[in-house]
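The next block holds one structure in the form of structure tokens; read it before the comments.
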Amino acid sequence: MRIASLSLTKPTTKVSRNKNFGKLQAGYLFPEVARRRREHQANNPDAKILSLGIGDTTEPIPPTIVEAMRDAAIGLGTRQGYSGYGAEQGQAAVREAITQRLYAHVGRKPSEIFVSDGSKCDIGRLQLMFGSQVSVAVQDPAYPVYVDSSVIMGMTGEYNGQDFDGITYMVCRPENDFFPDLTQTPRTDIIFFCSPNNPTGAAATRQQLTELVAFAKKNGSIIVYDAAYALFISDPDCPKTIFEIPGAEEVALETCSFSKYAGFTGVRLGWTVVPEQLRYADGFPVMNDWNRIMSTIFNGASNIAQAGGLAALSDKGWAEVHELVAFYKENAAILKQTFEGLGFNVYGGKDAPYIWIQFPGRASWDVFGEILQNCNIVTTPGSGFGAAGEGFVRISAFGHREDILEAVERFKKVYA
Ligand SMILES: Cc1ncc(COP(=O)(O)O)c(C=O)c1O
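Per UniProt numbering, the very first residue in the sequence shown carries number 1; after that it's consecutive.
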């Protein structure tokens, strides 16, 4: 959301600002993308700008799911259907249904599933749980929330012109098949790992995740595994949950979301799985602290959203979810083919809704500006996700089909 920039005025309070905010760069990536879009629109009032920038969904929520939310909302207007605060961990039926659909085959239990208002919020709360004294590794490039929340928490040093001192950046580029060289990676307490990856679209293979789990075990680290796009995976060699890797339950927790599966980016519903076996150095269960965090600063996901989530997990809802994911995957295939046909090096787009396009020797923000100027299309500059994203732009497949097709024609005109 746009917040007007205010000039510094003589203060009334004597409260010091959290100095970590001063370390953050320019602002969160997507507001900056939105600012440049507004500027372009203001300069070109007639331009029909297409957005393939931020990863927001566009298609309607499938009918079974939306009907369940409608019924839940109407129920709240009746004495019999009214409910107030629910369990902070989520409704028992939702925890059970998530387990049955996604985790029972890998040994996870409903008591390990914590339902929430989304993955981004859970990542922030996880940081609060770990505290500011832990060391952190992230993939580079990465979803910006891992780095920015680490900065805000005070886990890092200053911005050094390229990235933040004190964070271990695990470079993921085509040269290493988008998987970090773990033999060269120092030990950290926490490893944020996202697969399928935002922004590169790379899905880690079983072999790669086995290596990652072994690395975490050797170092005694905790993996925060972000599986927000897991359902986009088609490759049978790429696990849909980290818990497919034997032993992962001792070193990993996993966060996931209905946002991209069911069009819940605005409805807000997600979950985090914290296995019983995941313990701190003193043997204390991580799950108990997570339960404490969720009980203390979260008051349970919306009961309407949970009704939607439950419906999404029903047989009919789940089929609709798969249809929706397949629709976006087709968009991704169209975009991928287009750029391949234009002779670009194109990554992702097969097991993920993001296409990662290389523009060798160019700065990402320049390419972003060029595409905006010449095609009236908003993309996301790769460097906004980390230094190793320089020279790439990310294109999102979460558009209406007609917009994707229109974008393809515009790209072909400019880049043929
Ligand atoms: C990798 C990744 N994790 C988490 C999220 C946030 O999901 P939610 O909408 O559940 O907060 C996103 C959203 O774009 C994402 O790309």
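All residues carry an ideal CB built from backbone N, CA and C; glycine is no exception.
Taking 5 Å as the limit, name every residue whose beta carbon sits nearer than that to some heavy atom of ligand 1, in sequence order. Gly55, Gly118, Ser119, Lys120, Tyr143, Cys194, Asn198, Asp226, Ala228, Ser257, Ser259 and Gly270
In or out: Pro62 buried (at least 16 other Cβ within 10 Å) or exposed? buried
Cα-Cα separation, Cys121 to Ala97: 21 Å
Is the beta carbon of Ala248 sitting closer than 9 Å to the one on Ser195? no
Can you tell me which of the three DSSP states Ala388 falls into? helix
Going by other Cβ atoms of all chains shown within 10 Å of its Cβ, with 16 needed for buried, is Arg95 buried or exposed? buried
Helix, strand or coil for Ile167, going by three-state DSSP, please let me know. strand
Give the C-beta separation of Tyr169 and Asn299 to the nearest angstrom, bearing in mind that I take them to be a contact with Cβ-Cβ under 8 Å. Actually they are not in contact, since the Cβ atoms of Tyr169 and Asn299 sit about 36 Å apart, beyond 8 Å.
Find out if the Cβ-Cβ distance for the pair Ser116, Gly270 is shorter than 9 Å. yes
Please state whether the Cβ-Cβ distance between Gly399 and Thr58 is less than 9 Å. yes
Between the C-alpha atoms of Glu244 and Arg17, what's the straight-line distance to the nearest angstrom? 44 Å
Which listed residue (Cys172, Ser135 and Pro239) has its alpha carbon closest to that of Thr188: Ser135
Whole angstroms is fine: what's the gap from Asp403's alpha carbon to Thr296's? 43 Å
Can Asn345 and Pro174 be called in contact, C-beta distance under 9 Å? yes
Specify whether the stretch 274-289 and the stretch 231-239 touch according to this definition: at least 3 beta carbon pairs, one from each stretch, less than 8 Å apart. no
So the candidates are Asn291, Trp356 and Ser111; which of them puts its Cα closest to the Cα of Ala203? Trp356
Arg279 bridges to which residues according to DSSP? Pro285
In chain order, what residues of the same chain have a beta carbon less than 7 Å from the beta carbon of Arg362, not counting five sequence neighbours either side? Gly391
Under 9 Å between C-beta atoms, does Val224 make it to chain D? Looking at the structure shown, chain D is missing, and only one protein chain is on hand.
Runs of 3 residues minimum, wholly inside the stretch 213-298: which ones carry the beta strand (DSSP E) assignment? 222-226, 252-257 and 270-273
Close beta carbons around residue 417, own chain, < 6 Å, minus the five adjacent residues each side: Given a span of 1 to 416 for the chain in the structure shown, any question on residue 417 remains unanswerable.
Out of Ser51, Lys19 and Asn44, point me to the one whose CA is closest to Val33's CA. Ser51
Using a Cβ distance threshold of 8 Å, determine whether the stretch 323-341 contacts the stretch 246-266, with at least three qualifying pairs required. yes
I need the boundaries of the alpha helix (DSSP H) containing Asp148, first residue and last residue. Pro144 to Met153
How far does the alpha helix (DSSP H) with Asp71 in it extend, from its first residue to its last? Pro63 to Gly75
Checking 9 Å against the spacing of the C-beta atoms, do Glu158 and Met287 come in under that value? no
If you follow the alpha helix (DSSP H) that Asp403 is part of, which residue opens it and which one closes it? Arg401 to Tyr415
C-alpha distance - Gly55 paired with Leu126, whole-angstrom precision: 22 Å
Give me the residue from Lys412, Ala214 and Gly384 with the minimum Cα distance to Leu182. Ala214
Tell me where the beta strand (DSSP E) around Gly124 begins and ends. From DSSP, Gly124 is part of no beta strand (DSSP E) but of the alpha helix (DSSP H) over Ser119 to Phe130.
Cβ atoms of Leu313 and Gln133: under 9 Å apart, would you say? no
Can you give me the start and stop residues for the beta strand (DSSP E) that Gln139 sits inside? Val136 to Asp140
Which partner residues of Ile190 appear in the DSSP bridge assignment? Val136 and Ile222
Determine the DSSP secondary structure at Asn51, reduced to helix, strand or coil. Inspection of the sequence shows that residue 51 is occupied by Ser rather than by Asn. Ser51 falls in the strand class under three-state DSSP.
Name, in chain order, the residues that DSSP records as bridge partners for Tyr159. Phe164
Output the distance between the C-alpha atoms of Pro246 and Gly75, rounded to the nearest integer angstrom. 43 Å
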